[in-house]
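Accompanying notes for the structure given below.
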Amino acid sequence: MSQHDQNDEGRRRFLKVAAGGVAAATILGTLPRMAQAADLPHLSPSDPTAAALKYTEDGSKAMGKKAPNDACMNCNFYQGKAGAAWGPCQLFPGKVVASKGWCASHAVMI
Ligand code: SF4
Numbered sequence: 001m002s003q004h005d006q007n008d009e010g011r012r013r014f015l016k017v018a019a020g021g022v023a024a025a026t027i028l029g030t031l032p033r034m035a036q037a038a039d040l041p042h043l044s045p046s047d048p049t050a051a052a053l054k055y056t057e058d059g060s061k062a063m064g065k066k067a068p069n070d071a072c073m074n075c076n077f078y079q080g081k082a083g084a085a086w087g088p089c090q091l092f093p094g095k096v097v098a099s100k101g102w103c104a105s106h107a108v109m110i
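1 is the number of the first residue of the sequence shown in the UniProt record's numbering; add one for each residue after it.
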């Protein structure tokens, strides 16, 4: 085996180990987030940021909506699962919002 072949073999081994490490880190990084979503506290409408954005858990009564069916569940910032009553929102990390809720930052999904 030539020096060139040995270098190629070493590179291949390095890339396999690196790819495996990235895959493991991705899986390990995702699992805690999935487990946490169900355990996160509900965002309180009296939270200062939530209050400033007029967040309500019942979006059907919210004033200022652009469309009658606007709600967290169809907002671009909502990260909850379809059909779930609560889910994470990118604007309120560490909390979950009501899927039927609404706030003034509602953004229509593209
Ligand atoms: S940004 Fe969207 S998902 Fe978050 S609270 Fe406001 S309406 Fe709900």
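Even for Gly, the Cβ is constructed at its ideal location relative to N, Cα and C.
Just to confirm before moving on: does the CB-CB distance between N76 and A107 stay below 7 angstroms?
Numbered from 1 along the sequence shown, position 76 holds the residue referred to as residue 76. Numbered from 1 along the sequence shown, position 107 holds the residue referred to as residue 107. Taking a C-beta distance under 7 angstroms as the contact criterion, N76 and A107 qualify as a contact pair.
Whose C-beta lies closer than 8 angstroms to the C-beta of K65 among residues of the same chain, with five residues either side of it excluded?
For the purposes of this step, residue 65 is taken as the residue at position 65 of the sequence shown. Within the same chain, K65 has close Cβ partners G59, W102, H106.
Could you tell me whether the Cβ atoms of L43 and F92 are closer together than 7 angstroms?
By 1-based counting over the sequence shown, the position of residue 43 is 43. By 1-based counting over the sequence shown, the position of residue 92 is 92. Cβ distance < 7 angstroms, so L43 and F92 count as in contact.
Do you know how far the Cα of A62 is from the Cα of residue 111?
Residue 111 lies beyond the range of the chain shown here (1 to 110); nothing can be said about it.
Beta carbon of S44: closer than 6 angstroms to some heavy atom of ligand 1?
By one-based count along the sequence shown, residue 44 stands at place 44. No - ligand 1 has no heavy atom lying nearer than 6 angstroms to the Cβ of S44.
Between the C-alpha atoms of V97 and P88, what's the straight-line distance to the nearest angstrom?
Start at 1 with the first residue of the sequence shown, and residue 97 comes out as number 97. Start at 1 with the first residue of the sequence shown, and residue 88 comes out as number 88. About 6 angstroms.
Endpoints, beta strand (DSSP E) assigned at A98:
What you label residue 98 is simply residue 98 of the sequence shown in a count that begins at 1. Taken as a continuous stretch (DSSP letters only), the beta strand (DSSP E) holding A98 covers 96-98.
Using only the heavy atoms of ligand 1, determine whether one of them is closer than 6 angstroms to the beta carbon of S60.
Counted from its first residue, the sequence shown places residue 60 at position 60. Taking 6 angstroms as the cut-off, the C-beta of S60 does not count as close to any heavy atom of ligand 1.
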